[in-house]
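Number of protein chains: 2
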Amino acid sequence: MAPTSETLTAERILEATEEVLRRHGPAKATVVDVARALGVSHGSVYRHFRTKAVLREAVTKRWLDRTTAALSGVVTEDADPEARLRDWLAALFAAKRRKAGDDPELFATYQVLTVENGEAVSAHLADLTGQLARIIEDGVDAGVFTAPDPEATARAVFHATGRFHDPGYAAAWQRHDIQAEFEAVVELLVRGLRA
Amino acid sequence: MAPTSETLTAERILEATEEVLRRHGPAKATVVDVARALGVSHGSVYRHFRTKAVLREAVTKRWLDRTTAALSGVVTEDADPEARLRDWLAALFAAKRRKAGDDPELFATYQVLTVENGEAVSAHLADLTGQLARIIEDGVDAGVFTAPDPEATARAVFHATGRFHDPGYAAAWQRHDIQAEFEAVVELLVRGLRA
DNA sequence: CAGCTGACAGATATTGAAATCTGTCAGCTG
DNA sequence: CAGCTGACAGATTTCAATATCTGTCAGCTG
Chain R
21 MAPTSETLTA ERILEATEEV LRRHGPAKAT VVDVARALGV SHGSVYRHFR
71 TKAVLREAVT KRWLDRTTAA LSGVVTEDAD PEARLRDWLA ALFAAKRRKA
121 GDDPELFATY QVLTVENGEA VSAHLADLTG QLARIIEDGV DAGVFTAPDP
171 EATARAVFHA TGRFHDPGYA AAWQRHDIQA EFEAVVELLV RGLRA
Chain G
21 MAPTSETLTA ERILEATEEV LRRHGPAKAT VVDVARALGV SHGSVYRHFR
71 TKAVLREAVT KRWLDRTTAA LSGVVTEDAD PEARLRDWLA ALFAAKRRKA
121 GDDPELFATY QVLTVENGEA VSAHLADLTG QLARIIEDGV DAGVFTAPDP
171 EATARAVFHA TGRFHDPGYA AAWQRHDIQA EFEAVVELLV RGLRA
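These protein sequences, in sequence, are chains R and G. When you read off a place in the first sequence, starting at 1, and then add 20, the result is the number in my numbering. When you read off a place in the second sequence, starting at 1, and then add 20, the result is the number in my numbering.
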């Protein structure tokens, strides 16, 4: 917790920023707070990040990329495409639900950050639909799925499951019947994909 | 525009409230404004609606019910169930897109009102999924759809198309490729429903 | 006397002055 | 001399005083 006197790196600033955001929330977290947490002047922070907005975007990217990385394992899993598709969607839902449930305040903080940084979010969504597209392509190649345009189909599947990964629906993830809802949608989609 | 001196009815108050909301927006519309628009004292408004919250809820209900009514015609349309399902989803999407596009400020106003009145919204969603369920049941009866539990399937279809009717996605309805996205999702769902 | 008015108390919103923050940069320091 | 500091101008936020609004009700009016 005490500010180590290593040299000031972008990475250390990002860590401190995440901590300040967790403590103060997105509205009250200031660059001065971040500098204080690191035991440096706020001018030094501006040496590594040109503006506060750039700093916040970098933190957001880092957070989004952690989710992407966690899911990439499922894509290359050793199972048939339908099972991998189901696993991937379930893993995405579970990850989101865990994040929202474990630390609602931090989740709300990142929700604010993501609406602020549409750019970073678009890139993240492209990453995720890319993973989905790979699974669907594998299914088409194996002859178990029908999809004239796997990229477009991946986006369709992603959009159709929005209720189970879009942060805007986080409140609904508490409902007792949400798991049944999820399974009903996935069932419909998998049936729609089958050759 | 001049306040007619008919007797003050709940309906006239609701109309005036809608007009005040359109003019001032949800944050600044006051009961005093509504009374002024009607040429009465604000005490008279409280004779018909116990609180401001009740008044706003009533306006919200009215607005939601207009949408439900507009769609009910499609349910009883003379066409095969698959066509009716496609028509109904398209009509819902078109109605939402038109509302959001024609008068964005009023749409934003009602967005605020709907988050305020979760109760009224739940009832509205139940109405809509009820209409969907009837179409799906007809499809099951005709042997063209498979759905062990049509009510649950209706909810699944409704959730899966959320991106095309949930007001939270209104910004995305401006994208040039939204129509293609819509058709891709509907295609997948219809395929998933077929017997 | 049914329905409306307007004064009122407490709650909520607005406003403008004071405090804090962002982003810059000349100069300090190891 | 590379990297950090801290004072500064302008932008933004906070806070407390002031104004407006909500909800009630005793009494007015047609």
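We put the CB at the ideal spot given by N, CA and C, even for glycine.
Closer than 7 Å by beta-carbon distance: list the chain G residues that pair up with R183 (chain R), in chain order. Within the first sequence, the letter at position 163 stands for residue 183 (chain R). Neighbours of R183 (chain R) on chain G, chain order: H179, G182.
Rounded C-beta distance between V52 (chain G) and H62 (chain G)? I'm assuming under 8 Å. Taking the second sequence and counting its residues from 1, one reaches residue 52 (chain G) at position 32. Taking the second sequence and counting its residues from 1, one reaches residue 62 (chain G) at position 42. Right, the Cβ-Cβ distance comes to about 5 Å (below 8 Å), so this counts as a contact.
Within the 7 Å Cβ cut-off, does V205 (chain R) reach chain G? Translated into the one-based positions of the first sequence, residue 205 (chain R) becomes position 185. It does; some Cβ of chain G falls within 7 Å.
Below 7 Å between beta carbons: does that hold for L58 (chain R) and A78 (chain R)? As a working mapping, residue 58 (chain R) is identified with position 38 in the first sequence. As a working mapping, residue 78 (chain R) is identified with position 58 in the first sequence. No. Outside cutoff.
Closer than 8 Å at the beta carbon, the chain G residues around E31 (chain R): Here residue 31 (chain R) corresponds to residue number 11 of the first sequence, with the count starting at 1. What E31 (chain R) touches in chain G: nothing, since even the nearest Cβ is about 34 Å away.
Delimiting residues of the alpha helix (DSSP H) encompassing W108 (chain G): Your numbering for residue 108 (chain G) matches position 88 in the second sequence. Looking at the DSSP string, the run of the alpha helix (DSSP H) that includes W108 (chain G) is 101-122.
Between G159 (chain R) and the rest of its own chain, which residues show a CB-CB distance below 6 Å, the 5 nearest in sequence each way excluded? Counting from one through the first sequence, the residue named residue 159 (chain R) turns up at place 139. These residues qualify, in order along the chain: P101, F165.
Quick one: residues in its chain with C-beta nearer than 7 Å to the C-beta of E38 (chain R), no 5 flanking neighbours on either side, listed in chain order? Within the first sequence, the letter at position 18 stands for residue 38 (chain R). In the same chain as E38 (chain R), and ignoring 5 residues on each side of it, the C-beta atoms closer than 7 Å to its own belong to V79, in chain order.
With a threshold of 7 Å between beta-carbons, can A176 (chain R) be considered close to chain G, or not? Position 156 of the first sequence, counted from the start, is the residue given in the question as residue 176 (chain R). Taking Cβ atoms only, chain G reaches closer than 7 Å to A176 (chain R), which makes this a yes.
Note down, in chain order, all residues in the region 90-120 of chain G with a beta-carbon under 8 Å from any beta-carbon belonging to chain R. none
Does L208 (chain R) get closer than 7 Å to chain G when you measure Cβ to Cβ? Here the question's residue 208 (chain R) lines up with position 188 in the first sequence. Output row for L208 (chain R): interface = yes.
Is the beta carbon of H179 (chain G) less than 7 Å from the beta carbon of R183 (chain R)? Sequence index remark: in the second sequence, residue 179 (chain G) carries index 159 (1-based). Sequence index remark: in the first sequence, residue 183 (chain R) carries index 163 (1-based). For H179 (chain G) and R183 (chain R), yes; Cβs fall inside 7 Å.
Quick one: grab the DSSP three-state call for T24 (chain G). For the purposes of this step, residue 24 (chain G) is taken as residue 4 along the second sequence, with counting starting at 1. In this prediction, T24 (chain G) has a pLDDT of 48, which is less than 50 and means its spatial position is unreliable; nothing more can be read from the coordinates.
What separation, rounded to the nearest whole angstrom, lies between the Cα atoms of V26 (chain G) and Y130 (chain G)? For this step, residue 26 (chain G) is matched to residue 6 along the second sequence. For this step, residue 130 (chain G) is matched to residue 110 along the second sequence. Looking at the sequence itself, residue 26 (chain G) is Glu, so the reference to Val does not match. Distance between the alpha carbons of E26 (chain G) and Y130 (chain G): 28 Å.
On the three-state DSSP scale, how would you describe F184 (chain R)? Your numbering for residue 184 (chain R) matches position 164 in the first sequence. In the structure shown, F184 (chain R) adopts helical secondary structure according to DSSP, grouped into three states.
Residues in the same chain with beta-carbon distance under 7 Å from A144 (chain R), minus the five sequence neighbours each way, listed in chain order, please. For the purposes of this step, residue 144 (chain R) is identified with residue 124 of the first sequence, where counting begins at 1. Looking at the sequence itself, residue 144 (chain R) is His, so the reference to Ala does not match. L84, T88, listed in sequence order.
Once the 5 residues before and after A49 (chain R) are set aside, which same chain residues still bring their CB inside 7 Å of it? The residue labelled residue 49 (chain R) in the question sits at position 29 within the first sequence. Around A49 (chain R): V40, L41.
Own chain residues within Cβ distance below 6 Å of A30 (chain G), not counting five before or after: In the second sequence, residue 30 (chain G) corresponds to position 10, counting from 1. So the qualifying residues of the chain are H68.
Which residue's Cα is closest to the Cα of Q199 (chain G): G:L109, G:Y66, G:L28? Taking the first residue of the second sequence as position 1, residue 199 (chain G) is located at position 179. Ranking the options by Cα distance to Q199 (chain G), first place goes to G:L109.
Output, in chain order, the set of chain G residues within a Cβ distance shorter than 8 Å of L133 (chain R). Translated into positions along the first sequence, residue 133 (chain R) becomes position 113. By Cβ distance, chain G contributes nothing, its closest Cβ being about 17 Å from L133 (chain R), past 8 Å.
Taking only three categories from DSSP, how would you classify R195 (chain G)? Residue numbering aside, residue 195 (chain G) sits at position 175 when the second sequence is read from its first letter. Residue state, collapsed to three classes: coil.
Are the CB atoms of R104 (chain G) and I33 (chain G) nearer to each other than 7 Å? Taking the second sequence and counting its residues from 1, one reaches residue 104 (chain G) at position 84. Taking the second sequence and counting its residues from 1, one reaches residue 33 (chain G) at position 13. Contact flag unset, no.
Do R117 (chain G) and T149 (chain G) have their C-beta atoms within less than 7 Å of each other? Looking up residue 117 (chain G) in the second sequence gives position 97. Looking up residue 149 (chain G) in the second sequence gives position 129. Contact: no.
Is there at least one Cβ from chain R nearer than 7 Å to R211 (chain G)'s Cβ? In the second sequence, residue 211 (chain G) corresponds to position 191, counting from 1. Yes, because at least one Cβ of chain R sits closer than 7 Å to the Cβ of R211 (chain G).
Helix, strand or coil at F165 (chain R) according to DSSP, with G and I counted as helix: Reading the first sequence from its first residue, position 145 is the one you call residue 165 (chain R). Residue state, collapsed to three classes: strand.
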